[in-house]
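This report refers to the structure that appears directly beneath it.
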Amino acid sequence: MELILSAGIGALTASGVYLLLRPRTYQVIIGLSLLSYAVNLFIFGMGRLRVNAPPVLDPGGVGDLAQYTDPVTQALVLTAIVIGFAMTALFLVVLLASRGFTGTDHVDGREQRHD
Amino acid sequence: MIDWLHHLLIIPILLPLAVGAALIPIDERNRMLKGVFGFGSTLIVFVVATILMHVAANAGNLPETGIYQLGNWPAPFGIVLVLDRLSALMLCLTAGLALAAQVYSMARWHTAGHHFHSLFQLLIAGLNGAFLTGDIFNLFVFFEMMLAASYGLLLHGSGPVRVKAGLHYIAINLAASSLFLIGVSLIYGVTGTLNMADLATKLATLTPENRQLVETGAAILGIAFLVKAGMWPLSFWLPPAYAAATPPVAAVFAILTKVGIYVIVRLHFLIFGAAAGPSAGFGQEWLVAGGMLTIAFGAIGVLASQAMGRLAGYSVLVSSGTLLAAIGLGHAGMLAGALFYLVSSTLTISAFFLLIELVDRGRDAGADVLAVTMEAYGDFDEDEEEEEIGVAIPGTMAVLGLCFCLCAVLLSGLPPLSGFVAKFAILRGLFDMPGADLTTAMSAADWTYVVLLILSGLAAMIAMNRIGIRTFWASIEGTVPRVFVIEITPVLVLLAACVFLSLQAGPAMRYMQATADDLLNPLSQSERVLSAPRAGGQ
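Protein chains in written order, with the working numbering: chain A, 3 to 117; chain B, 28 to 565.
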């Protein structure tokens, strides 16, 4: 499981960074989204991977803390997802505004000659 | 009495947040009303910040004052707000700049788009939160709040130039936020804590493998802040963005780079201070090298700038570089001078950003930009607005010229104003090595820093002279700019603050010295945070 998760994070980050460096605004926004998925998974992984362990304490009694997974990282991921989502939406608006002003989807607002 | 004072700490965050939200439903046609509410809120924050500074200076080190437990949970588990001399200083500086920028904006710039005053309040709330919080993930949240508001403010006034600069600014900051999260979660994964004070105590007990992971996390985190602070290879977005922003926005953005510096100062001394064992001083050499390259890049940029907006943008970089390198060199005596420099240079650059547009207004290029903005949003109510604002002051050019001269003196660090005092204090701290021979005690990096610091001042002076001569001594083809009293007053107030800082340099330096001493003694600070009692019980 660790291998799958780390490979997944790696693949997402690599694709994200590649797209982030591309000249089209649409590629940039997809790159940023992929990057934020990778980061969310990474945060989640930092709470250690556990299967069949709840993050919320049992109401009947706490029992052994070793039976639970770390709830903090899950809370952090939720926060990061919400903020990341809002920022992507905001970026999308600016992207459209740029398209409207310049008539191109190049990040610099003008086509490069050798393109 | 103590209780009442205790809750003051949350006001700089809650009040602007509430006012910012409350202003959203008010119709845009009542923007003077919105402006007055916004101004009132910032004024209250300023007063509170002044009181907090007083508290921090006198009783700041007691655990009972200055630790605010949100949710009333004790420190390592609950999130705390921490007041100390440094955060109180930054709160005061932010509120002061914000007041000036807000008054300025009410003359005409807040008409250039929607929700200016709401965004402005949210920016202040985010900034204050970032200065006060004692938890690194909470810092991320406040950072994002501040950034979200700053995106809106940068785009205020719209137009292709701002949208293009905004696009770049948002993209780089989103990428930096990802790095921020990676750094925070890596540190959490290893140490199991997000509380800054707790982190400082945990670091000394780590195994070597874990230490390496924490250092990696801290380095990634550092990059996120250095992007914000504008260190050289990460700073190409800054000059165009700041030059494109509307003047009141650019003026308050002068503090945004300082947020990056603030966090680096805080975390660097808290986590990698003298108590950190083998990790002590981690990353210093990078700060020194990066800072010096930033000074050099900024100084070249200052010399090469045609427009004043870009010149001011590059001055921001010079100021950042000076601070970063001073932190990195790590001489205890320099820190107080660096903090003084931070305050002085932020006030100066902010005043300069406000002044630029007033000066440019008489020239064609500037008038064009303004005309484009007005066109984009329609100047349907501009005519009545102008009558209602107030009288245009006589002798405009003389006043503008005087302000410009003061800015030039401050930026280049010439005596007698605070820019000189600041640089002198930094250099004095560097040379102040009791009982050691200077020729052997000072490293090559130290000497390079001295040279760069002085040369950057020279570059600023040359550039300011050139632009000043071109603007004020050349025959004026255009009309004399029409400047309102409420536009020039904020500039004068900010410059007066610099003059005040020069006159009161003694007490100010004592405050900075006490701040520096606090920073250099991180364990007493963590103890204070961790031992703070819960309110109303055990």
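Just so you know, even glycine gets a beta-carbon here, dropped at the ideal spot from N, CA and C.
Top-ranked residue by Cα proximity to A:F44, from A:L5, A:T104, A:L98: A:L5
Interface flag, B:K229 vs chain A, CB-CB below 9 Å: no
Start-end ranges of the alpha helix (DSSP H) lying completely within the stretch 207 to 235 of chain B, minimum 4 residues: 223 to 230
Beta-carbon spacing of B:T542, B:A326 below 9 Å: no
Rounded straight-line distance, which links the Cα of A:G62 to that of B:V286: 46 Å
Proximity of A:S100 and B:L194 at Cβ, strictly below 9 Å: yes
CB contact below 9 Å: A:D110 versus chain B: yes
Nearest residue (CA-CA) to B:I513, options B:S483, B:L159, B:G105, B:M133: B:M133
Classification of A:D60 by the beta-carbon crowding that lies within 10 angstroms, buried from 16 upward: exposed
As assigned by DSSP and simplified to three states, the class of B:D162: strand
Interface flag, B:F164 vs chain A, CB-CB below 9 Å: yes
Beta-carbon proximity check, B:F379 vs B:L427, cutoff 9 Å: no
is_contact[B:A157, chain A] using C-beta, thresh 9 Å: no
Where B:I250 meets chain A, residues with beta-carbon distance less than 9 Å: Ordered by position in chain A, no residue passes the 9 Å Cβ test against B:I250, which lies about 14 Å from the chain.
Helix, strand or coil at B:H195 according to DSSP, with G and I counted as helix: helix
Within chain A, the residues that B:Y178 reaches when beta carbons sit closer than 9 Å: M89, L92, F93, V96
C-beta neighbour in chain B for A:T71, strict 9 Å: no
Sufficient close CB pairs (3 or more, under 8 Å) joining the stretch 227 to 241 of chain B to the stretch 259 to 268 of chain B: no
Rounded straight-line distance, which links the Cα of B:A139 to that of B:L444: 35 Å
Beta-carbon gap between B:S68 and B:P52 smaller than 9 Å: no
Residue range of the alpha helix (DSSP H) that includes B:Q96: B:Q96 -> not in any alpha helix (DSSP H); beta strand (DSSP E) instead, spanning 94 to 96.
Proximity test, Cβ basis, 9 Å: A:I45 and chain B: yes
Any chain B beta carbon closer than 9 Å to A:M48: yes
Other residues of its chain near A:T27: CB distance less than 8 Å, five sequence neighbours each side excluded: L97, S100, R101, D107, H108, V109
B:V343 - containing alpha helix (DSSP H), residue span: 335 to 356
Distance CB(B:Y269)-CB(B:F252) smaller than 9 Å: no
Option in B:G210, B:Y178, B:L482 with minimal Cα separation from B:I197: B:Y178
is_contact[B:H144, chain A] using C-beta, thresh 9 Å: no
Element boundaries [beta strand (DSSP E), containing B:L108]: 107 to 109
Per-residue contacts from A:S38 into chain B (C-beta, under 9 Å): L201, S204, S205, L208
Beta-carbon contacts of B:G348 that lie in its chain and below 6 Å, excluding the five residues immediately before and after: G318, T321, I322, G325
Within chain A, the residues that B:E171 reaches when beta carbons sit closer than 8 Å: I85, M89
Three-way DSSP call (helix, strand, coil) for B:R509 in this model: coil
B:L314 and B:I354 closer than 9 Å at C-beta: yes
C-beta contact flag for B:P275 and B:W100 at 9 Å: no
Chain-ordered chain B contacts of A:V30 [CB-CB under 8 Å]: A198
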